[in-house]
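Trainee:
Numbering (this note's numbering), first residue to last: 8 to 117.
1. Which residues in the same chain as residue 70 place their Cβ atom closer than 6 Å to its Cβ, once the five residues preceding and following it in sequence are excluded?
2. I need the boundaries of the alpha helix (DSSP H) containing residue 22, first residue and last residue.
3. Since I believe residue 51 is in contact with residue 15 (beta carbons under 8 Å), could you give me their beta-carbon distance rounded to a whole number of angstroms?
4. I need the boundaries of the alpha helix (DSSP H) containing residue 71, first residue and last residue.
5. Going by the DSSP bridge assignment, what does residue 41 pair with across the sheet?
Rendered as structure tokens:
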């Protein structure tokens, strides 16, 4: 059974920002995950790209993300409804629901 590691924005932001207090840790973590299937939600991708976009480096950051993350969520025509259900049932904040839904959509079928 293939496993997919779903990354949260904080790891990727720290990796991209050399001055971040967690930069070295995030870089080591991502290096340890080399060759493993990784995914991020669309919202995570957007969050990660905010600072690079402000600095005029969005495309460069996207290139790095595309090398690090090999999978993006499978399309779901009901993603909005699924996110609403997750938020209602778990009480999690919407960004956390996006990460959780990404994990669910990328889980191997039973």
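Even glycine gets a Cβ: it sits at the ideal position worked out from N, Cα and C.
Mentor: Let's see:
1. Result list for residue 70: empty, nothing under 6 Å.
2. That run of the alpha helix (DSSP H) goes 16 to 23.
3. That pair is a contact at about 6 Å.
4. For residue 71, the uninterrupted alpha helix (DSSP H) run begins and ends at 65 to 75, by DSSP.
5. Paired residue(s): none; residue 41 is not in a bridge.
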